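Visitor:
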Ligand code: MEV
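Numbering (our numbering), first residue to last: 39 to 470.
#1: Between residue 216 and residue 222, what straight-line distance do the alpha-carbon atoms span, to the nearest angstrom?
#2: Measuring CB atoms only, is the segment 285-296 touching the segment 185-194, in the sense that at least three cross pairs come out at less than 8 Å?
#3: Of the choices 136, 252, 451, 447, whose alpha-carbon is the least far from that of residue 435?
#4: Tell me, to the nearest whole angstrom, how far the beta carbon of residue 151 is from that of residue 254; I am working on the premise that it is less than 8 Å.
#5: Compute the minimum distance between the beta carbon of residue 326 and the heavy atoms of the ligand MEV, and state whether it is under 7 Å.
#6: On the DSSP bridge list, what partners appear for residue 143?
#7: Tell me whether the segment 118-136 and the segment 154-171 touch, counting them as touching only if at least three CB pairs, one residue from each stretch, are closer than 8 Å.
#8: Compute the Euclidean distance between the alpha carbons of residue 267 and residue 374, then round it to the nearest angstrom.
#9: Using a threshold of 7 Å, is the CB atom of residue 401 nearer than that to any non-hydrogen atom of the ligand MEV?
#10: Please list, in chain order, all residues of the same chain as residue 453 whose beta carbon is under 7 Å from its beta carbon, the five residues on each side excluded.
#11: What is the rounded straight-line gap between the Cα of residue 390 and the Cα of residue 96?
#12: In chain order, which continuous runs of the beta strand (DSSP E) of length 3 or greater are located wholly inside the segment 94-140?
#13: Are the Cβ atoms of residue 259 and residue 143 separated by less than 8 Å?
#14: Less than 8 Å between the C-beta atoms of residue 552 and residue 261, yes or no?
#15: Going by CA-CA distance only, name the one from 264, 180, 72, 190 that's closest to residue 209.
#16: Between the Cα of residue 251 and those of 214, 206, 330, 196, spot the shortest distance and give me the residue it belongs to.
#17: What residues match up with residue 200 in a beta bridge as DSSP calls it?
#18: Residue 425 to residue 195, Cα distance in whole Å?
#19: Quick one: what does DSSP say residue 312 is sitting in, helix, strand or coil?
#20: Is the CB-CB distance between residue 283 and residue 137 below 8 Å?
#21: Using a threshold of 7 Å, is the CB atom of residue 410 nearer than that to any non-hydrogen atom of the ligand GDP?
#22: If you measure from the CB of residue 547, is any heavy atom of the ligand MEV nearer than 7 Å?
#23: Taking contact to mean at least 3 C-beta pairs separated by less than 8 Å, is the segment 393-403 in contact with the segment 300-311?
#24: Using the C-alpha atoms, what's the distance from residue 247 back to residue 114?
#25: So does residue 417 have its beta carbon nearer than 7 Å to some heavy atom of the ligand MEV?
#26: What distance in whole Å lies between the Cβ atoms of residue 74 and residue 57, which are believed to be in contact at a cut-off of 8 Å?
#27: In angstroms, rounded to a whole number, what distance separates the CA positions of residue 191 and residue 226?
#28: Under 6 Å Cβ to Cβ from residue 129, same chain only, skipping five residues before and after it: list those, please.
#29: Going by DSSP, what residue range makes up the alpha helix (DSSP H) through residue 83?
This is the structure we're talking about:
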């Protein structure tokens with residue numbers, strides 16, 4: 039079977055038809071897709087074991103981004119998100135990026151940072167030297183606390199020592215977490231080696247916890263989009279590139295804009311992170327801390343002209359897992375990993391980042407051309423139609439009517455539903 043993520047006309051099909059095509063494209067049967075998703079991806083009994091005080095589960099739409107090609111491989115990418123147009127925008131942008139060969143990702147090894155705070159250190163400089171000299175012993179001690187990970191090829195790799203104040207040191211243990219996100223593993227390491235560290239430093243143990251600024255576990259992703267693929271009905275591709283470069287500059291110069299620019303990136307990233315059962319708060323915390331690392335909050339992705347193409351570049355931390363915890367027991371998350379067909383957490387991280395850059399490409403291109411509202415409102419109209427009680431094929435018709443009338447409100451949609459329903463009744467009376 040050749041994996042493909044090119045399925046033209048997919049959005050026009052019914053849910054059942056889409057499942058059949060995704061089954062063909064990924065080798066995961068439509069029945070298996072249904073089994074995982076028909077109960078909203080998670081049944082009540084399993085949910086009751088996840089968290090406390092459970093009353094039930096809470097579903098969100100589960101869609102797939104198409105056209106995504108990363109490092110020469112095609113992916114059907116599951117996305118869980120409530121916002122209309124996010125999945126469509128990522129798919130459209132990925133199609134544009136394909137014209138330039140798709141996304142290229144360079145992925146760091148899966149190193150997480152375990153932080154141990156040491157307080158009341160009498161001589162910070164001497165303590166640093168003593169800890170550095172004992173690095174091999176400390177790494178061995180750390181590995182003893184995580185034998186399972188060591189057996190899977192991971193483990194403690196390096197120690198970093200940072201003096202934060204005249205009496206305070208923080209020690210980082212860099213742990214290769216392989217295919218695990220690694221929060222529990224690095225917290226275990228922190229607690230295991232903290233007493234020995236305090237002894238060596240001549241201080242007192244403070245906090246022992248991972249850092250969510252996982253900047254040793256970054257992904258760098260690029261794509262090149264030829265001008266011809268960017269052109270709109272009213273704008274030539276080259277002018278779109280100028281607009282995108284100027285939009286990038288705006289985000290580079292202004293944290294107010296950078297926050298929104300990055301929010302657009304996280305539209306794509308979070309949707310993949312959630313669909314694969316990963317900790318999106320951790321990814322969000324890492325992304326924004328990384329964006330502010332220079333002292334000024336900056337865009338995670340930037341756009342530059344290169345001849346007759348625009349080139350996007352994005353770098354961000356991406357601490358994801360494909361094994362452990364939630365993933366083992368969440369049917370929806372397990373399905374997502376099977377649809378993706380990823381073989382490692384690093385591969386998953388690359389795909390999530392590519393979808394983030396695709397989302398940014400879509401947003402920046404839309405903002406530099408028609409503005410975001412045109413496409414966004416057309417899709418938002420569908421949710422409004424549903425809220426007004428439209429069902430089945432009425433949803434698209436009501437959405438089209440309120441877009442045409444430039445009145446995308448529930449009231450207008452209710453009027454459209456009433457009108458179309460009256461017409462349908464009339465038709466059936468005549469047919470009778
Ligand atoms: C909306 O969810 C995301 C955007 O605001 C992102 C951006 O402005 O770049 C469109």
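All C-beta atoms in this analysis are idealised placements derived from N, C-alpha and C, irrespective of residue type, glycine included.
Here the structure is a predicted model, which is why all the values come from computation and not from measurement.
Guide: Let me lay it out:
#1: Numbered from 1 along the chain shown, position 178 holds the residue referred to as residue 216. Numbered from 1 along the chain shown, position 184 holds the residue referred to as residue 222. Cα to Cα, the separation comes out at about 13 Å.
#2: Taking a cut-off of 8 Å for Cβ pairs, the segment 285-296 and the segment 185-194 do not touch, as fewer than three such pairs fall below it.
#3: Mapped onto the chain shown, residue 435 falls at position 397. When only C-alpha atoms are compared, the closest one is 451.
#4: Position 113 of the chain shown, counted from the start, is the residue given in the question as residue 151. Position 216 of the chain shown, counted from the start, is the residue given in the question as residue 254. Contact flag correct, Cβ pair sits at about 6 Å.
#5: Mapped onto the chain shown, residue 326 falls at position 288. No, since every heavy atom of the ligand MEV falls outside the 7 Å radius drawn around the Cβ of residue 326.
#6: For the purposes of this step, residue 143 is taken as the residue at position 105 of the chain shown. DSSP lists 259 as partners of residue 143.
#7: They do not touch, by the three-pair rule.
#8: Along the chain shown, one-based indexing puts residue 267 at 229. Along the chain shown, one-based indexing puts residue 374 at 336. If you draw a straight line from the Cα of residue 267 to the Cα of residue 374, it comes to about 29 Å.
#9: For the purposes of this step, residue 401 is taken as the residue at position 363 of the chain shown. Checking the Cβ of residue 401 against the ligand MEV gives yes.
#10: The residue you call residue 453 lines up with position 415 of the chain shown. There are no such residues.
#11: For this step, residue 390 is matched to residue 352 along the chain shown. For this step, residue 96 is matched to residue 58 along the chain shown. Each residue's alpha carbon lies about 23 Å from the other.
#12: Runs of the beta strand (DSSP E) spanning 3 or more residues and lying entirely within the segment 94-140 occur at 100-108, 111-118, in chain order.
#13: Sequence index remark: in the chain shown, residue 259 carries index 221 (1-based). Sequence index remark: in the chain shown, residue 143 carries index 105 (1-based). Contact flag set, yes.
#14: Lying outside 39 to 470, the shown extent of the chain, residue 552 is not represented and no answer is given.
#15: Residue 209 sits at position 171 when you count from the first residue of the chain shown. When C-alpha distances from residue 209 are compared across 264, 180, 72, 190, the shortest belongs to 180.
#16: Taking the first residue of the chain shown as 1, we reach residue 251 at position 213. With distances taken between CA atoms, residue 251 lies nearest to 330 out of 214, 206, 330, 196.
#17: Locating residue 200 in the chain shown gives position 162, counting from the first residue. Answer is 208.
#18: The count along the chain shown starts at 1 and reaches residue 425 at position 387. The count along the chain shown starts at 1 and reaches residue 195 at position 157. C-alpha separation (whole angstroms): 53 Å.
#19: Residue numbering aside, residue 312 sits at position 274 when the chain shown is read from its first letter. DSSP places residue 312 in helix when its eight states are reduced to three.
#20: Here the question's residue 283 lines up with position 245 in the chain shown. Here the question's residue 137 lines up with position 99 in the chain shown. In this structure, residue 137 does not lie closer than 8 Å to residue 283 by Cβ.
#21: Looking for the ligand GDP in the displayed structure turns up nothing; the ligands present are the ligand MEV.
#22: A question about residue 547 goes unanswered here, because the residues of the chain that appear run from 39 up to 470.
#23: As far as the Cβ criterion goes, the segment 393-403 touches the segment 300-311, which means the pair count is three or higher.
#24: For the purposes of this step, residue 114 is taken as the residue at position 76 of the chain shown. For the purposes of this step, residue 247 is taken as the residue at position 209 of the chain shown. One Cα belongs to residue 114, the other to residue 247, and the distance between them is close to 35 Å.
#25: Within the chain shown, numbered from 1, the residue matching residue 417 stands at position 379. Because no heavy atom of the ligand MEV lies under 7 Å away, the Cβ of residue 417 does not count as near it: no.
#26: On the chain shown, residue 57 is found 19 positions in, with the first residue counted as 1. On the chain shown, residue 74 is found 36 positions in, with the first residue counted as 1. Between residue 57 and residue 74 the beta-carbon gap is near 11 Å, outside 8 Å, which marks them as no contact.
#27: Numbered from its first residue, the chain shown carries residue 191 at position 153. Numbered from its first residue, the chain shown carries residue 226 at position 188. The alpha-carbon atoms of residue 191 and residue 226 are separated by roughly 17 Å.
#28: Taking the first residue of the chain shown as 1, we reach residue 129 at position 91. For residue 129, where only same-chain residues beyond five positions count, the Cβ hits under 6 Å are 103, 104, 105.
#29: Residue 83 sits at position 45 when you count from the first residue of the chain shown. Here the alpha helix (DSSP H) through residue 83 covers 82-88.
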